[in-house]
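Residue numbers (the working numbering), protein chains in the order written: chain F, 1 to 444; chain X, 445 to 888; chain E, 889 to 1332; chain U, 1333 to 1776. Yeah, the Cβ is synthetic: ideal placement off N, Cα and C, and Gly gets one too. What you are looking at is a predicted structure, and each value in this text was computed from that prediction instead of being measured. For reference, the structure discussed in these notes is given below.
There are 4 protein chains.
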Amino acid sequence: MTHSRTVELEGHIIDSGTLQRCFGAVMDLGGSFDVEQFDVGKHETEVSYCRLTVTADDAETLRAILHELHQNGAVLEDPSDVELVAAPADRVVPPNFYSTTNHPTEVLYDGEWIEVERIEMDCALVVEPEPDAGGRDADASEEDREDGAADGPRAYTKVLNAVEEGDLVATDQSGIRVRPPERPRSGGGAFGFMQGGVSAERPSESTIREVAEELREVSERGGNVMVVAGPAVIHSGAGDALADLVEAGYVDALSAGNGFATHDIERSLYGTSLGMDVETLEHPRKGHKHHIWTISEIIRAGGIAAAVDEGTLTEGVMYQCVENDVDTVLAGSIRDDGPLPDTITDAIEAQNAIREQAHEADIVIMLATLLHSVAVGNCLPSTTKTVCVDINPATVTQLLDRGSAQAVGMVTDIGTFVPTLAEYVLEGADDTESAACDDAAEDA
Amino acid sequence: MTHSRTVELEGHIIDSGTLQRCFGAVMDLGGSFDVEQFDVGKHETEVSYCRLTVTADDAETLRAILHELHQNGAVLEDPSDVELVAAPADRVVPPNFYSTTNHPTEVLYDGEWIEVERIEMDCALVVEPEPDAGGRDADASEEDREDGAADGPRAYTKVLNAVEEGDLVATDQSGIRVRPPERPRSGGGAFGFMQGGVSAERPSESTIREVAEELREVSERGGNVMVVAGPAVIHSGAGDALADLVEAGYVDALSAGNGFATHDIERSLYGTSLGMDVETLEHPRKGHKHHIWTISEIIRAGGIAAAVDEGTLTEGVMYQCVENDVDTVLAGSIRDDGPLPDTITDAIEAQNAIREQAHEADIVIMLATLLHSVAVGNCLPSTTKTVCVDINPATVTQLLDRGSAQAVGMVTDIGTFVPTLAEYVLEGADDTESAACDDAAEDA
Amino acid sequence: MTHSRTVELEGHIIDSGTLQRCFGAVMDLGGSFDVEQFDVGKHETEVSYCRLTVTADDAETLRAILHELHQNGAVLEDPSDVELVAAPADRVVPPNFYSTTNHPTEVLYDGEWIEVERIEMDCALVVEPEPDAGGRDADASEEDREDGAADGPRAYTKVLNAVEEGDLVATDQSGIRVRPPERPRSGGGAFGFMQGGVSAERPSESTIREVAEELREVSERGGNVMVVAGPAVIHSGAGDALADLVEAGYVDALSAGNGFATHDIERSLYGTSLGMDVETLEHPRKGHKHHIWTISEIIRAGGIAAAVDEGTLTEGVMYQCVENDVDTVLAGSIRDDGPLPDTITDAIEAQNAIREQAHEADIVIMLATLLHSVAVGNCLPSTTKTVCVDINPATVTQLLDRGSAQAVGMVTDIGTFVPTLAEYVLEGADDTESAACDDAAEDA
Amino acid sequence: MTHSRTVELEGHIIDSGTLQRCFGAVMDLGGSFDVEQFDVGKHETEVSYCRLTVTADDAETLRAILHELHQNGAVLEDPSDVELVAAPADRVVPPNFYSTTNHPTEVLYDGEWIEVERIEMDCALVVEPEPDAGGRDADASEEDREDGAADGPRAYTKVLNAVEEGDLVATDQSGIRVRPPERPRSGGGAFGFMQGGVSAERPSESTIREVAEELREVSERGGNVMVVAGPAVIHSGAGDALADLVEAGYVDALSAGNGFATHDIERSLYGTSLGMDVETLEHPRKGHKHHIWTISEIIRAGGIAAAVDEGTLTEGVMYQCVENDVDTVLAGSIRDDGPLPDTITDAIEAQNAIREQAHEADIVIMLATLLHSVAVGNCLPSTTKTVCVDINPATVTQLLDRGSAQAVGMVTDIGTFVPTLAEYVLEGADDTESAACDDAAEDA
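Put into C-alpha cells, the structure is as follows:
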C-alpha cells in the first residue's frame, strides 16, 4: 500500500532552482512523483505553477519528502489551519514542533494566512490568537509588533529559551508556507544568487568596488549597514579605515567582541608613537601588558563612553562609534581578557542583543570573525544581503552556506580589504556627500 | 531592432538543473525568453521538452546567450551542418573555432549526428570526412578509433598542439550538440550530483566506506581504476596501504610524479630498519642524501623495472606496480630531483601519456596532489566518477569544480585515509576474492 | 650618556635557546652587551652561567631590553624585593603592574624567593604578606593554597576581573624571576621542544601512536588527562571512539561547548537507526529540528545527569562522562542554540571553571575547536604537555604558538584521528589493564 | 667501547642559534659532549669559539651526530683533504657522496680551502683539480667560473643529472666546511632571521612598505630582482601593477609558467573592453575559448616577442618584459594548454634555465605559485633574501621552510598585495628616479 499527497508550487520555481530541488528530493528520498499540472511562465517575468502528487511506500518516507518540499515552498493542495499545541513548560517545546527556516513564512490561522514576524531559522513558531490585552507581556508584545502589523492574531518566531509555558506553538507543517528567495530578474553583480561558493577567479579590486557601491546605495537610501568585526581588523592595521567609515556615517551597527574593542582602544591609547609601533611589531608579547592595562583603564573610567567623555579615548573605531551613536554590541567569550565593562558576558543576553541588530540590518559586512559572524548569521532572514571576508576559505564557505540568498564571499586579507573598501566608498561619496551626511544625521 | 533564435532542450532538464541554468543565463546576460512549448515529464522517469525563443537587443548579446544555452545542451531548432574550416597551420586554429566541453557531444555532418570521440574539454573538434585510407596517419587513426565506431566520417577532439595544418576544425557552434550529465534517477550515495562542494558534515569513515564499495564494484566488473598520487601519500606513511591495493589488483593505472616514485623507492631501500625510521622522522634533511642516492641507484640499474629484476627493489608501491603490470606514468616537473629514468620530462609527452590513462579510466582516485590531479582532470570526460582527497580544502574545491558530475571530495589526512580505504576494500573483498583476482588476471 | 645594567642567566641556557634569544633581543632593540663572565656547562648535564652587562643610549630602550631578558629568565645582579602597590579599585591594576608569563615564576619578598602559585599568563601577580587569618577570603584562600605551600607569605596570579581593591600587586619586574622551560636532556619523541611548528613530514599513524603512548603513561601514573572537544568530533563520526576512551577511564576532564554536547546527545537519541543516519547524512538541515528537540528534552528532564538517571540518555560521550564522573565544563557561546541547562552561559564564570580544569591537567588533548582550545590554552602553564589536532593548519599553528614547551600539532581529520588514537590507547592497555582501571577507580 | 671526535665551531654561534642546534643534535641523537674550550664573544661584534668532543656508543651514532654538526658549521679539529671519488657513470654518484647544503661552503684540497661555486642544496660537489685546458668542457667551464675565481683547482656543485662519468665527486664530509648564515648584527625589519614562520600579527600595509623599500634599495644599487609569478596574479587583477613595476625597471628576471603568460596575454588581447570584462567575471568557462585562441595567435605570430614586433601584443606583463629585456623563463607543466612557443616543455631544460636566474638573483619575490616557487627555491643559496606571498598559509610556510635565512612570508591576497607594493615602490621612487632609471639602463 502506498501513501501519497498532492502539493502545489508557484513562483519563479524553475530559474530559482525550486523545482530542481523538489524533484531531486523526491528521488533521493526514495519516492516518486506525478506532475498533475504544469503551467510554465512563458516569459522571465511570468511565474510558473506546478501541482504534483508525491508517492512513497510508507508514511515515514512520505513525511520526510513532504518536509523537504515544504522547506522549498510547496504547500499541500488543501491546506488546513496550523496545528497549535501549548508549550508544556518554559523552554520546552511540544513534540513534533515546527522548526522555522530563515525564509519569509506565513501561517494559516482561522482560514487566513498571517505573515510570521521576526523571521529567523531554527526557532519555534508561536501564534498569539489575539493581542493579549491585559497580560504581563502586553507592552513588550506591542512594542515588538512589526510595522504595519494589523490588529488581530499574530505569529512570530521564538528561540527555544524564550518559549514560555502555555505559548501556542505550531507543530507539524500543515498550515505553514515558506517563500524561499527567488532569483532576481536581473543579474545581481557581485551578489550571486544562492551560489554559496567563493570565486577565486574574480579580480579582487572589482569585487571590492561592487561591494562599496552596494554599501553606499544602502546607506544613501537610509538603510541599515551592520558591520561584524574580529580583532584581525585591528591587528592587520585596518582599524583606521573602519574608523573612517564609521565617522563618515556608513556604519549603523557594530557587532564585535571584547577582543576587537580592546585591541582598538589599546591601539588608540598606545599605538601612535613610532617607537611603540616598532616595538609592537617585533615583540607582540610585549603588547599584552598594554592589553590588560587598557582594560583596566576603561574599567577605571567606567566604560568606553565614559573614557571618551573624560578625554582618555580620542580616536579609533570604538571612539567613532561613541561619537556617531552607532548601535554597538560587544559580546563576551571564554577567551576574553578582562573583559571591558561594556562587554555583555552572558551568552543569551548577548545573543538577544545581536538578534535585535540583525533584524534591523539591510546589509551585513562580516570581517574576519567566525564566531561573531555565525552568531549574527543565525539570526538573519535569508533576504538580507551579506558580505563575508576572511583569509580562511573554510570560514567564508561556512558563512555563505548559512543562508542568505544574496551573498558575496571573498577570501582575502582584511588588512588590505578594509582600506580599499573605505577608499572606494569614500571617494564615491564625494559627489553624493550630502546624502550620506543626511543619512548619518538621521541615524543620530 | 531585436535579434532572436529558437532553441530546444530535452531530457531530465528540470531536476538536472539545465532549465534553471538556461533561464538564469538569459537573464544574467540581459536577454529575454518566451517559452513556445513545454512538455513536462509527468513522472521521474519521463523526460521533459522545452522549446524557447531567446531575444536580445543586439547580435553580440544573443551570441553570448546562445553560447551558454549550447553549453547546457540546447540545440537550435533547425540545426544546420557543422561548419568546418581547415586549420591554417600546425597548432593554429581557425578564427571562431569551437572549443569543446567535457560532456558527450555530437556533430551534425552530412545531415547525420556523429558522436565525438575522445571527449575532453578545451580542445578543437576535428571532423574527418572519411577514413584517410592512404595517409600517413591511417594506422594510428584506425587504432585510435573507439570501439564500435562504424566506417564513414568521424569526429574527435584534438588538443591545440596536435592540430595539423589542413585539419577540418569545427567553428561556431551550429551543428554541434552537447549532453550535460543528468541527475541519476536515484541517489548516488557519496557521489553527489554536480555538488562541487565538500561536505564537512559527513562522517569520514562512512564516506570512505562508500568510496571503498564503489572502487570494489568498478574493479569487480572489470572496470579501470586510476590512482593519481602525490608524495604526501608516502610521507604520511600511507605507502604500504596503497601497495596493498595494487598487489590485490585494485589499481589499473597509476599517474604520479618523479617525487612520488622516488620517495616510495627510497622508503623501500632505506626505510625498513627501525633505526632509519627514527632518524628520518627527526631529521628530515638527513633523508635528502638518501633521496639523491635512490635516484642514482635506479639510474645505475637502468630504471625501476630493471631494479626490480636485479633484486634491488623488493617492496613498495612502485615494486607492486611493476609486478602487477600497472599502467604507470611518471610525469616530470621543474621541482624534481634527478629525475628517475622512468620519468617523462617533456610536459607535452607526459600530458599525452596521462591523456591515454584518463580516457581509459572508469573511476579516478586523486590523492594529495594538485598538479597531477589537475593534469588528469583536464583530460577527463564529465561522466567519469572522481574522488578527490586532500588536507587542503582549496585543493579539493578546485578539483571538484573542474567537471565530473559525480564526484566525492574529502578534506582529510591522506595518512589515515588510504589505510582506512585499503582496509575496507580488502576486508570487503573476502567474499568476492575470485572476482578481484580474475580482474587482476585480465589486466595482466 | 648611556644606561646599563648587569643581569645573570643560569641553566641549560645554550641548548634551550635562552642565550640566543637574549643576545638577539639586545641587538634587535638597539642595545649592546658585554659578557662579564661565562661558565659553560662542560657536559650536557651541567648548567651554564652567564653574567652580562647591557647598555643602551636611553633609559626607555634599556627598560625594553631588560623586559625581554627578564621574560627569558634573566635576573638583575643584585635583585631587590618585589615592588608591591595596592590595587586602587576592584578590577583595576596599578600603573606599571607586572603582567605574568606562563612560566614558573618566583618573587623576592622579604629577602626570600617565593614560588608563585597558579601560574598563568597575562595575569596580575598578587602577594599576600601573611595568611589573612580573619579576612573574608580566609577559607577560600586556604583552600586554594597549592599542596606543599608552607605558612608565611604567598604569591599567586589573579586575572584582571579577580583583582580586588587593596590587593598588593607586583609592579615593574624587579624581584621577579621566571624560569622558561628547558630542553629535556633527551629527545621528547613527538613532543618537540618549543618547535611551535607543525610537521607535515611525519607519518600520521606513527605520531598518533606516540600520542597514545603518552596518554596511557599519564593515565597509568594517575595523572590528569583533559580533553577539549569541538562539535566536529561528533559530526565526523568520532564520538563513539571518544566515548570509549571516557568509558575506559582515560579522560579525567572534558571541556567543551553547548554544541558539542547537544550534537552528541542528539546522536545518542536519534542516530542509532539506519534510516535516521541516512537522512542525516543527506539532509543535514533536517537534523536541526532534532537538535532543538534534543535541547528541549534535556531541559524537560532537568539536565544531562537527570536525563541519564531517568533512562533517556543511554550512550555517547556525555553519557559516559556522567557515568564515569568526568569533570565536565560546558561553556556557552553566542552561537549556541538553546542552550542545555548544563551550559554555563556567563563567559567569566565559564572561564573560571575552565581555569580550574586547566590547572589540574597534566596533558591536554585539543580536538577541533579553536574557541575552547584558546580558552584552555590561556590558562595553562608552559609546562603542561599539549596535543592540538585540527584540519585547519592555521588553527594548529595558532594553538602551538601560545606557549607549551612540549606540544604536538597535527593537521589531520578528526574523524580518523580519534578512532585511531582510541584503538592504539585501548589495544596498548590490554597488558596494563589493571593500572588503567585503578586509575579510573581513583578518579572516581 | 665508545667512539668520539673533536670538532670546532666559530662565529656568532650563540645568537645565530648554531650552538643550540649542535648541543640539541647531540642529545637528540643519543650522544654526549664535553666542551674542551669556550671563548665567548664578549660583545655583540666579537665572534665566539667552541671546541667540543662528541662521544657516542657506536660508530653509526657518532657519524649521524657529526653529520648534523657539520651541517651547522662544525669542522673536525684536524681536517684532512676532501675525499674525491670518480663518478662511475653519467648521472651516477659514488657511494657515500657528499650532498650539499644551500649554505656557503669550502673544500680543503691540497691543503687549501677553496670556495665552492654555484652553491645550491642537494647537489654533488665536484672538484676540478686544475683548469681542464684541452678537454671538451674547457670553454663552458671557463665561462661558468665565477667572478674572481683564481686559476688553480676549482670546486662547484652539480645536480645529479649533470654529473658525468669521471667527475671527481666529494664523499663523506671530511675536508668540507659550511657556513650557515649568521644573524645580522642589527634587526632585519620585515626580513626576520631564520624565523620560518608567518606572522599574522603584523599590519599588512607596514610589511608591504618594508618589502617595497628593500626592493627599491636592491634595484637602486644595481642588484638583481627576480619575480616568480603564478596565474592568480592575473586572475586577481594584479597584472597591471606588475606590468608597471616591470616598466619602471624594478624587475630583472621573471620566472613563470605557460599559464601565467597566457592569461596575461589573453587579458591584453581581450580584456580591455568593459563588455568582455563583465562576461569573463560572470562566466569564467566562457573565457577558455579566448585562452586557446590566445595561444594559437601567439603560435601563428611565431612567439611572444614576434607578437610584440608585429603589433599584436601591446600591453601587459609579457609585453613589458619584451620591451624591457627582462630575463624571462616560462617553464612548462603537465596541466598546460597549448603551450605557447616560448614555453620550455622539458623539465630538465626549464630547471636549468631557472637555475641560471636563481643564481643571479639578489632578492626573489614569489607571488602565488607553489610549483614555480619551489623550483626556484631549490636553486637558491641560503643568503638570498626572499619574499613569499600566497593566500594559502601552508604554501607560505612550506616556502619559508626551505632555506633562506632572511625571508618574509605573507598570507594575503595577491590581488591587493601587488597593487599596494607597486604603489609604494613607485611613489618612493619619485625622489630617486634617476637611480632607478640608471639601473634599468644598466640591466638593458
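Given this structure, state the Cα-to-Cα distance separating residue i from residue j, to the nearest angstrom.
i, j, result
"residue 180/F", "residue 382/F", "8 Å"
"residue 1738/U", "residue 1509/U", "21 Å"
"residue 1611/U", "residue 505/X", "Residue confidence for residue 1611/U is low, a pLDDT of 34 falling below 50, so the modelled location carries little weight; the figure read from the coordinates is stated next. Taking the straight line joining both Cα atoms gives about 10 Å."
"residue 1158/E", "residue 1206/E", "15 Å"
"residue 895/E", "residue 1399/U", "36 Å"
"residue 1342/U", "residue 1410/U", "15 Å"
"residue 257/F", "residue 1235/E", "12 Å"
"residue 995/E", "residue 1002/E", "5 Å"
"residue 917/E", "residue 161/F", "54 Å"
"residue 503/X", "residue 447/X", "6 Å"
At the 8 Å Cβ level, is residue i part of the contact set with chain E, yes or no?
i, result
"residue 288/F", "yes"
"residue 183/F", "no"
"residue 853/X", "no"
"residue 1352/U", "yes"
"residue 375/F", "yes"
Using a C-beta cutoff of 8 Å, does residue i count as contacting chain B?
i, result
"residue 1732/U", "Absent here is chain B; the protein component of the structure consists of chains F, X, E and U."
When you compare the CB of residue i with every CB in chain F, is at least one pair closer than 8 Å?
i, result
"residue 960/E", "no"
"residue 1536/U", "yes"
Would you verify that the beta carbon of residue i is, or is not, closer than 8 Å to some beta carbon of chain U?
i, result
"residue 584/X", "In this predicted model, residue 584/X has a pLDDT of only 47, less than 50, meaning its place in the structure is not dependable enough to derive any value."
"residue 703/X", "no"
"residue 778/X", "yes"
Can a CB atom of chain X be found closer than 8 Å to the CB of residue i?
i, result
"residue 1305/E", "yes"
"residue 1167/E", "Here residue 1167/E scores only 33 on pLDDT, less than 50, and its place in the model should not be relied on; the value that follows carries that caveat. No, because no Cβ of chain X sits closer than 8 Å to the Cβ of residue 1167/E."
"residue 1628/U", "yes"
"residue 1059/E", "no"
- Taking 8 Å as the threshold, find out whether the stretch 1692 to 1708 of chain U comes into contact with the stretch 1718 to 1733 of chain U through three or more Cβ pairs. Verdict: yes, contact present.
- Query: Below 8 Å, can you find three or more Cβ-Cβ pairs linking the stretch 360 to 368 of chain F to the stretch 332 to 342 of chain F?
  - Reply: Because the criterion of three Cβ pairs below 8 Å is not met, the stretch 360 to 368 of chain F and the stretch 332 to 342 of chain F do not touch.
- Task: Mind checking the stretch 676 to 700 of chain X against chain U and listing, in chain order, the residues whose C-beta falls within less than 9 Å of any C-beta there?
- Result: Of all residues in the stretch 676 to 700 of chain X, none is placed with a Cβ closer than 9 Å to any Cβ belonging to chain U.
- Message: Quick test of the definition: if touching needs 3 or more C-beta pairs under 8 Å, does the stretch 155 to 169 of chain F touch the stretch 86 to 103 of chain F?
- Response: A contact between stretches requires three or more CB pairs, one per stretch, nearer than 8 Å, and the stretch 155 to 169 of chain F meets this requirement with the stretch 86 to 103 of chain F.
- Given 8 Å as the limit, is there contact between the stretch 1374 to 1389 of chain U and the stretch 1480 to 1494 of chain U, that is, 3 or more CB pairs closer than that? Between the stretch 1374 to 1389 of chain U and the stretch 1480 to 1494 of chain U there are fewer than three C-beta pairs closer than 8 Å, too few to call the two in contact.
- Selection of the stretch 781 to 799 of chain X by Cβ proximity to chain E, strictly under 8 Å: Across the stretch 781 to 799 of chain X, no CB contact with chain E closer than 8 Å is found for any residue.
- Query: When Cβ atoms are compared, which residues of the stretch 96 to 108 of chain F fall closer than 7 Å to chain U?
  - Reply: Answer set for the stretch 96 to 108 of chain F: empty.
- Task: With 8 Å as the limit, tell me which residues of the stretch 920 to 931 of chain E have their beta carbon closer than that to any beta carbon of chain U; keep them in chain order.
- Result: Against chain U - using a Cβ distance shorter than 8 Å - the residues of the stretch 920 to 931 of chain E are 920, 921, 922, 923, 926, 928, 929, 930, 931.
- Task: With 8 Å as the C-beta to C-beta threshold (strictly closer), list the residues of the stretch 939 to 955 of chain E near chain F in chain order.
- Result: Residues passing the 8 Å Cβ filter: 948, 952, 955.
- Query: Can you find at least 3 beta carbon pairs, one from the stretch 1369 to 1380 of chain U and one from the stretch 918 to 935 of chain E, that sit closer than 8 Å?
  - Reply: Counting Cβ pairs under 8 Å, three or more are found: they touch.
- Query: Using Cβ-Cβ distances below 9 Å, what residues of the stretch 363 to 392 of chain F are close to chain U?
  - Reply: For the stretch 363 to 392 of chain F, residues whose beta-carbon sits nearer than 9 Å to a beta-carbon of chain U comprise 391, 392.
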